[in-house]
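The next block holds one structure in the form of structure tokens; read it before the comments.
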Amino acid sequence: MTPTKTAWHHIRRSPIQSLTALFLMTFSFILISAFVVVNSGLSQILNYFETKPEITIFIKDGVDQISIDNLKKEITNFPNIKEVKFISKDKALEIYKQQNKDNPMLTEMVTASILPASIEVTVSDPKTLDQIYQNYATKTDIVDEIIYQKDVIESLLDWTNAIRRGGLVITIVIIAISFISIVSIIGMKTTNRKDEIKISRLLGASKFYVKKPFLLEGIFYGLLGSFIGSILVFITLYFSRNSVNSFFQPVNFVSGDLSFFSLIIFIELIFGCLIGLLASWIGVKRYIKF
Amino acid sequence: MLAVSKSPNKMKIVFDSVDKNFGLITALSNISFTVDQGEFVFIVGHSGAGKSTIIKLLLNQIKPSRGQITVDGTDLSLGTKNEIDLIRRQIGVIFQDYQLIMDKSIEENIALSLDIIKYPRSKISTKIDEVIKLVDLNSRRYLFPAQLSGGELQRAALARALAIEPKIILADEPTGNLDVENSWNLVKLLKNINEKNKTTIIMTTHNQEIVDSLDRRRIEIKDGQIVKDFTPGTTPKAAPVKKNTSSTKNDTH
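Just so you know, the sequences run in chain order A and B.
Using my numbering, the first residue of the first sequence is number 54, and each one after it goes up by one.
Using my numbering, the first residue of the second sequence is number 129, and each one after it goes up by one.
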């Protein structure tokens with residue numbers, strides 16, 4: 054009888070314990086997978102805002118074009134600048150009209166003269182926004198007002214970090230529960246089979262030989278649990294991604310990239326395998342001392 | 129690869145001044161004897177005389193309180209776990225209470241012992257056929273121990289012991305739970321194996337009739353001491369005199 058057959062034999066002979074271990078592992082990996090997806094989605098949202106960090110510097114009326122051009126040049130010299138775009142009063146009116154094309158009342162009353170010219174700066178690192186703000190907020194001779202989404206990003210970062218931390222704590226607790234349960238279940242199975250282990254040792258079986266089926270059993274729970282858990286979550290998300298993504302528009306909260314899913318499933322399988330192996334190792338080690 | 133003896137075909141067993149105490153109770157006292165490869169030895173004595181303790185010591189289930197036991201040149205008290213495992217793989221054991229795994233069929237029990245000695249997987253089935261036929265259990269091979277009679281269980285235990293082609297067979301009161309006919313059949317089988325394969329047989333029993341039926345060496349134990357060690361037709365050896373040495377090992381409870 055090979056160790057694999059013996060492990061399968063142990064699983065079949067105590068189906069309730071085996072199902073409990075499998076269910077706990079599956080449940081853990083449903084949570085882990087969900088956490089991975091939420092985390093990835095949050096990263097997408099944050100990334101969306103972080104890669105579109107813009108600061109708009111409104112120019113006072115009457116500032117000449119040379120000063121504006123000098124200002125543009127100065128800003129370009131800041132680090133992590135992606136784009137510096139000058140929006141003239143006419144361009145501002147054009148944009149305004151485009152944004153309010155369905156409301157002629159609003160567009161009729163507005164002329165280019167009442168809209169301020171501005172410089173829109175896009176950066177790759179949001180920290181640069183602060184530097185630009187600090188630098189130009191006091192230059193009231195040229196600058197009328199500076200607006201940027203510092204508050205939006207900060208509050209988003211707070212939320213994201215809170216969700217990540219909360220998710221991580223919940224996941225760790227659930228993994229710990231599964232881990233301890235497998236240690237206990239394998240421990241119980243080892244105790245139930247102490248006669249078999251004793252007989253095998255008397256027949257010359259090494260310690261590792263008698264431990265191997267229990268270790269394989271732990272790996273089985275880890276592998277199957279992680280597979281079922283991750284597949285369940287990813288299949289559900291793959292087919293519902295359009296509705297989820299439409300809610301988070303324009304951010305692509307759930308990726309439709311199959312290689313992303315495959316990679317996560319693969320990593321979870323390895324993780325599941327390691328948890329099962331380690332838990333069963335501890336479970337067996339506690340009881341097989343002879 | 130099968131377990132390999134240090135000295136092929138020569139698994140000498142030596143008990144040298146062995147004591148075994150369980151707390152304040154002395155189970156064995158100053159036991160010394162040597163069993164050469166191919167011998168058939170009865171260890172005789174009443175219940176509680178210490179026969180099973182000798183078997184347990186030989187299997188390294190328990191350690192001597194004093195003295196030395198060597199099998200194939202390895203001191204069982206000092207041997208590494210690996211050395212002890214290798215020795216056990218060359219010993220076929222028939223326990224009085226069979227020690228078969230209850231939720232494995234007879235065939236699976238035999239297969240397990242073959243797997244432990246790393247018998248080639250492709251040949252396991254053939255080997256099982258062979259030993260099952262030898263002990264006449266073909267119709268019972270797929271049954272579980274709980275479904276077999278005492279005699280059949282003892283034969284199953286014998287089949288498991290024989291399957292590994294052991295150099296030594298330890299039979300601890302193998303006839304204890306058998307009727308007369310089954311007892312005789314088992315002893316005949318062990319005798320044949322001893323003669324044919326030169327397998328060392330150490331059989332403990334309190335059945336004097338069986339012992340007397342074979343002209344084989346017998347070691348008589350009484351109250352944990354050897355009182356006689358002789359082969360019929362030869363002059364009995366005097367019982368060894370207890371050496372006045374101090375205890376070297378801790379008692380095992």
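Here a beta-carbon is modelled for each residue, glycine too, at the ideal position from N, C-alpha and C.
None of these values were measured; they are calculated from a predicted model.
Closer than 8 Å to chain B by CB, residue i
i      : result
A/A60  : no
A/Y340 : no
A/E270 : no
A/S259 : yes
A/R65  : no
A/I252 : yes
Closer than 8 Å to chain D by CB, residue i
i      : result
B/R216 : The chain inventory of the structure shown lacks chain D, comprising the protein chains A and B.
Residue i versus residue j: straight-line alpha-carbon distance, rounded
i      : j      : result
A/K265 : A/P56  : 6 Å
B/D379 : A/A87  : Only weak support is given to the placement of B/D379: the predicted model assigns it a pLDDT of 41, under 50, and the question is left unresolved by the model.
B/I244 : B/L271 : 21 Å
A/L124 : A/K192 : 11 Å
A/I225 : A/I335 : 18 Å
B/R216 : A/G257 : 5 Å
A/T243 : B/K251 : 30 Å
B/K319 : B/R283 : 14 Å
B/L185 : B/G279 : 26 Å
A/V174 : A/L159 : 27 Å
B/I400 : A/E249 : Residue numbering for chain B in the displayed model covers 129 to 381; residue 400 of chain B lies beyond these limits and cannot be assessed.
B/E337 : B/S205 : 35 Å
B/A76  : A/L327 : This structure gives no information on residue 76 of chain B, because the portion of chain B shown stretches from 129 to 381.
A/F131 : A/I172 : 14 Å
B/A239 : B/I354 : 38 Å
A/T73  : B/E236 : 28 Å
B/T327 : B/V308 : 24 Å
A/K154 : A/I167 : 18 Å
A/L330 : A/R65  : 19 Å
B/L306 : B/I260 : 19 Å
A/F314 : A/F280 : 12 Å
A/I206 : A/E198 : 20 Å
A/I140 : A/A190 : 19 Å
A/T59  : B/Q227 : 18 Å
B/S311 : B/D231 : 26 Å
A/I228 : B/I190 : 41 Å
B/S160 : A/S231 : 55 Å
B/V146 : B/T198 : 11 Å
Residue-level contact to chain A via CB, residue i, 8 Å cutoff
i      : result
B/Q189 : yes
Neighbour list for residue i in chain A, Cβ cutoff strictly below 7 Å
i      : result
B/V263 : Here the premise fails: no neighbours, minimum Cβ distance about 17 Å.
8 Å Cβ cut-off: residues of chain A touching residue i
i      : result
B/V221 : L255 and L256
Interface residues of chain A facing residue i [CB-CB closer than 9 Å]
i      : result
B/I229 : R246, D248, E249, I252 and S253
B/D213 : R254, G257, A258, S259, K260 and Y262
Fully enclosed by the stretch 171-246 of chain A, which beta strand (DSSP E) runs are 3 residues long or longer?
171-176 and 196-201
In chain order, what are the residue ranges of uninterrupted beta strand (DSSP E) at least 3 long that sit wholly in the stretch 197-270 of chain B?
Listed in chain order, they are 219-222.
Runs of beta strand (DSSP E) lying entirely within the stretch 267-324 of chain B, each at least 3 residues, in chain order:
296-300
Along the stretch 233-263 of chain B, what residues have a CB closer than 7 Å to any CB found in chain A?
E236, A239, L240, S241, D243, I244 and I245
To test your reading of the DSSP string, which unbroken alpha helix (DSSP H) runs of 4 or more residues are found completely within the stretch 89-140 of chain A?
118-129
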